[in-house]
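Enquirer: To convert a position in the first sequence, counted from 1, into the working numbering, add 5.
Even for Gly, the Cβ is constructed at its ideal location relative to N, Cα and C.
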Amino acid sequence: MEEISFFDKVYEVAKQIPYGRVTSYGAIAKYLGAARSARMVGWAMNNSHTKDVPAHRVVNRAGILTGKNHFDGSNMMQQLLENEGISVKDNQVVDFQKYFWDPVVEL
DNA sequence: TGCCTGACCACAG
DNA sequence: ACTGTGGCCAGGC
Numbered sequence: 006m007e008e009i010s011f012f013d014k015v016y017e018v019a020k021q022i023p024y025g026r027v028t029s030y031g032a033i034a035k036y037l038g039a040a041r042s043a044r045m046v047g048w049a050m051n052n053s054h055t056k057d058v059p060a061h062r063v064v065n066r067a068g069i070l071t072g073k074n075h076f077d078g079s080n081m082m083q084q085l086l087e088n089e090g091i092s093v094k095d096n097q098v099v100d101f102q103k104y105f106w107d108p109v110v111e112l
């Protein structure tokens with residue numbers, strides 16, 4: 006029985022984010038059937054450190070690293086993205102649309 | 001126990 | 001076309 010909460014589903018999707026790709030909170034929320042629950046996706050990321058979830062690949066709808074403040078360092082999130090070949094400028098992903106990974110389409 | 005906050009997005013005015 | 005507010009679920013005080 007799938008006693009999986011919306012919370013847990015977020016991790017399942019986030020873990021499936023391919024290398025060198027990024028997605029948005031809303032995209033995950035919408036895939037789960039709750040486009041308005043985007044806030045929960047972000048809140049789930051708070052426990053992402055206890056999971057194997059690449060929270061650094063998850064940004065907001067505008068491609069801005071809104072959650073970078075929750076990482077260890079100040080620009081650690083940016084470092085991780087650049088390490089995957091994703092350019093980040095002023096806390097914003099360059100060519101976000103190009104690297105955007107939509108779970109609704111990919112999954 | 002109850003109210004408020006929180007890594008956002010969609011809808012309405 | 002833009003700005004403002006509501007809403008979703010869960011956790012913290």
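(1) Count the other CB atoms within 10 Å of the CB of residue 30; is the residue buried (16 or more) or exposed (fewer)?
(2) May I ask you to report which of helix, strand or coil DSSP gives residue 14?
(3) Who are the Cβ neighbours of residue 67 in its own chain at under 8 Å, not counting the five residues just before and after it?
(4) Can you tell me whether residue 46 is buried or exposed? The criterion is at least 16 other CB atoms within 10 Å of its CB, across all chains shown.
(5) Label residue 28 either buried or exposed according to how many other C-beta atoms from any shown protein chain fall within 10 Å of its C-beta, with 16 as the threshold for buried.
Expert: The answer reads as follows:
(1) The residue is buried, with at least 16 neighbouring Cβ atoms inside 10 Å.
(2) In the structure shown, residue 14 adopts helical secondary structure according to DSSP, grouped into three states.
(3) Sequence-distant Cβ neighbours of residue 67 in its own chain, meaning closer than 8 Å and more than five residues away, are 97 and 101.
(4) By the 10 Å Cβ count, residue 46 comes out buried.
(5) Residue 28 comes out buried.
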